[in-house]
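Line by line, the protein sequences are chains E and S.
So the first sequence is residues 782 to 1299, counted in the working numbering.
So the second sequence is residues 123 to 373, counted in the working numbering.
We treat Cβ as the ideally placed atom computed from N, Cα and C, and that holds for glycine.
Just so we're clear, the structure is a prediction, and the values are computed from it rather than from any experiment.
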Amino acid sequence: MSSKLNLDPALIEEGRKAARKIAEDVQTYIDDHATVTVERTIVRLLGVDGIDEVDQPLPNVVVNHIREGGGIETGAAYWIGNAMVATGKSPQEIARAVSDGSMNLLEVEAQPLPEVQAVITRKAEEMVKLIGKNRKARETMISELGEGPKPYLYLIVASGNIYEDVVQAQAAVRQGADIIAVIRSTAQSLLDYVPYGPTTEGFGGTYATQENFRIMRKALDETGEQVGRYVRLCNYCSGLCMPEIAAMGAIERLDVMLNDALYGILFRDINMQRTLVDQFFSRVINGFAGIIINTGEDNYLTTADAVEEAHTVVASQFINEQFALKAGLPEEQMALGHAFEMDPDITNGFLMELAQAQMAREIFPEAPLKYMPPTKFMTGNIFKGHIQDAMFNLASIWTHQGIQLLGMMTEANHTPHLHDRALAIENAKYIFNNCQDIGEEVEFKKDGLIQRRAQQVLKDAVLLLDQIQGDGLYKTIEEGKFGGVKRSRDGGKGLKGVFPKGEKYMNPFIHLMLGGER
Amino acid sequence: MSAQLVDLSNVKPYGDTLDDGMVQFSFTLPVPYGEEAREAARRLVLKMGMEEPNVVNAMDLGIGYTYFIVYAKCPHSINYNAIKVPKVESDHMTKEEVEEFIEHQVKRDVVILGACTGSDAHTVGIDAIMNMKGFHGHYGLERYKGVEAYNLGSQVENEELVAKAIEMKADALLISQVVTQKDVHVKNLTHLIELLEAEQLRDQLIVVCGGPRISHELAKELGYDAGFSSGSYAEDVASFVVQEMVQRNLV
């Protein structure tokens, strides 16, 4: 693709190289550490599910038990594998026994290590096979049913009640939605466990639970069959349980996950060491499961100015890309985020938005790109809001964005009403159809405002990346370079759950999912 | 010019002619699209007390529900002269206005510490006020220019909070109390004020509490400067804090 913005390929390469170096620096730390949620994920992937009599998830019970016994550095897989060899029981039976106090994993007689490794690998392969099957099932359904054209229309449901969400989601699908995202309940990201079972009460959203995933998956498959296209399901793989939610999503065939390497650090004040370790395993799982990840650069622009700080979005996209590659996630599954968030009062603001969107398209040609609608400058004037969303839709079709998070005219007022969604879809479909080939027909003036804007933002982004490469990622975040948010290395939530891997530590899934057949 | 013609004791909606009462409605009914749906919408608007409803658009929402746009004439009127709106003590400011107020009137960064104190582990409220992301589209104090906001999180002991307040040179303390069983919040909130008084810090600080069961009245009674209940956002708290700082000459 020739550059419509006249971007310098050498400069793009320089940015990519710097980002690779930044990711590699941190990867050493990631490879040497694990966290409590990483261990709980392993426990889940070994087939443990359910809760105890006080609603505590069994994966938490098992990992807490190992931790309190002083064995966490060897990893949950080792202790469960050791007990499997010693007792012949399944991981689920072992978890139950730990829960009712009839088994202490740390007191089970040590079995020969090769046997432990063999039994754990066999068990892990069962789950890996199931996830692989889900991936094939998705591919088959898409090839048989078909899918909507890009940009995919992405709509949210957020009633708090999974059954009400189903009604709204099915309506949205009939109106044209390609992706349904179930917004999570406020503050779930700060829970160091994943709630269990179907839920009917939430605050500003619905809890992400495996049962809720299953209920919505089934509903979307049914409606998708009726309308003749595959409908993707999206949830939030972020917070203190990133990899656990990735595992649940892989098991229940979710298709899209919000999954940013830095979001939790910046916007949820989760400890940076914790998040960096967690994001890696979550992305390994998402990558293997064929799940598209949405990164969260758009959030920077809700805190920082979209005109002044545009280069930080590009820099972060470069970094997110490299972290994702490290986790074996192909470019086709990287929906790098950005947003249409400039003040509508800016003269020629739309031209700058176009420059930014086109630039993301050209720098990451294979990535689907997740484009977020205006939120910051949306008001109670829903009529103007509807036009702001129309401008956003125009920029999207013009620059071939992959995932269009539809803007709602009632943004900033309330969670979408049924007809808000219908109007948003009508708006997008009208513009996408009416301007379908505008990107092929219209070129940008050489050295004009749009080209110059894009070139400048790229230049600033690469400058920032070079600087981060020198300073390291931790220091950059400590200084508040992203989104204007400062976070300290040892601050935030969840650091207590991070530990160095011991000598005998094992996580069979990294090897199977990163190295295995896709 | 036209304003002189308006009878303020008898105000009606204006469409294109004074007192025409024109109102626009849009809503969804859980009935399938069709002539019966349009008639249902028309009758509903009549039942609202409107006159001459005109269903200008009906749209099939796909699951047996229909969306309508309706115009109608409102026969009711309001006596504008009789309206009195009670004003809050401090002026309500938006985030931007607070930022501007800090820049011009406080002229330095305002340090605000937030915490769930005592045994309380429910940070939803304090997070909504403090954290970057905020709540319901109302950004938290961390996102305010000119505010140094520190969210100390849950289960912070009062002694620890006071020590932090001294260390960070805090201007304001925000205390969140969600759990109110056996009036634990009252004891806890009182204890903090006693500590601050013992350290002779009370007068130098703006001290505010919040939570679903906290009222302004209760807060004042316990020795706080203000109390905020559910439905308050960061800008409400910030407006109060910065104006109080100027008023009490703490800038």
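- Where E/His846 is concerned, there is no enclosing beta strand (DSSP E), although the alpha helix (DSSP H) around it starts and stops at 839 to 849.
- Look at the region 1266 to 1289 of chain E: the residues with a C-beta under 7 Å from a C-beta of chain S are Val1266.
- In this structure, E/Asp959 is the residue among E/Asn1040, E/Asp959, E/Asp1041, E/Gly978 with its C-alpha nearest to the C-alpha of E/Gly1005.
- Under the Cβ criterion of 8 Å, S/Thr150 is counted among the residues facing chain E.
- What E/Gln956 touches in chain S, judged by beta-carbon distance under 8 Å, is Leu183, Gly184, going in chain order.
- Beta bridge pairing from DSSP links S/Arg324 with no other residue.
- Looking only at S/Ser148, S/Leu296, S/His244, the smallest Cα-Cα distance to S/Ala271 is reached by S/Leu296.
- Interface annotation, E/Ala1120: not in contact with chain S, CB-CB separation never under 8 Å.
- When the beta-carbon positions are compared, E/Tyr1211 and E/Ser1177 stay at least 8 Å from each other.
- At a cut-off of 8 Å between C-beta atoms, E/Ala968 counts as an interface residue with respect to chain S.
- Taking the beta carbon of S/Lys255 as reference, the chain E residues within 7 Å of it are Phe1048, listed in sequence order.
- Within 10 angstroms of the beta-carbon of E/Arg1270 lie fewer than 16 other beta-carbons, which makes it exposed.
- Burial check for S/Met170: the Cβ neighbour count within 10 Å stays below 16, so the residue is exposed.
- When the Cα atoms are used, E/Gly978 and E/Met997 turn out to be separated by approximately 13 Å.
- Residues of the same chain with a CB within less than 6 Å of the CB of E/Thr1257, apart from the 5 flanking positions on each side, are Ile1249 in chain order.
- Within 9 Å of the CB of S/Asn273, the CB atoms of chain E belong to Asp1050, in sequence order along the chain.
- The count of Cβ pairs closer than 8 Å, one atom from the region 1201 to 1217 of chain E and one from the region 961 to 969 of chain E, stays below three, leaving the stretches out of contact.
- For E/Gln991, no Cβ of chain S is located within less than 8 Å of the residue's own Cβ.
- Positions of the beta strand (DSSP E) runs, each at least 3 residues long and wholly inside the region 1027 to 1055 of chain E, are given as 1037 to 1039 in order along the chain.
- Taking a Cβ-Cβ threshold of 8 Å, the residues of chain S close to E/Gln951 are Ile185, in chain order.
- In this model, E/Asp806 and E/Gly1253 are separated by some 8 Å (Cα to Cα).
- Within the region 1164 to 1187 of chain E, no residue has its Cβ closer than 8 Å to any Cβ of chain S.
- Listed in chain order, the non-local C-beta contacts of E/Ala867 below 7 Å within the same chain comprise Val889, Glu890, Gln892, local neighbours out to five positions each way being set aside.
- By the criterion of at least three beta-carbon pairs nearer than 8 Å, the region 192 to 212 of chain S is in contact with the region 145 to 163 of chain S.
- If you draw a straight line from the Cα of S/Pro152 to the Cα of E/Glu849, it comes to about 54 Å.
- The beta strand (DSSP E) runs of length 3 or more contained entirely in the region 1101 to 1132 of chain E are, from start to end of the chain, 1118 to 1120.
- Here E/Pro1024 is not near E/Thr1196, since their CB atoms are 8 Å or more apart.
- The region 1234 to 1249 of chain E makes no contact with the region 1009 to 1023 of chain E; the number of CB pairs closer than 8 Å stays below 3.
- Annotation for E/Asn1016: no alpha helix (DSSP H) segment contains it, though the beta strand (DSSP E) segment containing it runs 1013 to 1017.
- Residues of chain S whose Cβ lies closer than 9 Å to the Cβ of E/His846 do not exist, since the nearest Cβ in that chain is about 22 Å away.
- DSSP, reduced to helix, strand and coil, places E/Asp946 within a helical segment of the structure shown.
- Around the beta-carbon of E/Arg903, fewer than 16 other beta-carbon atoms lie within 10 Å, marking it exposed.
- When the beta-carbon positions are compared, S/Asn273 and S/Gly236 come within less than 8 Å of each other.
- S/Val278 is bridged by DSSP to S/Thr239.
- The criterion of a C-beta distance shorter than 8 Å is not satisfied by E/Leu1001 and E/Ala1209.
- At least 8 Å separates the beta-carbon of S/Ile248 from that of S/Asp293.
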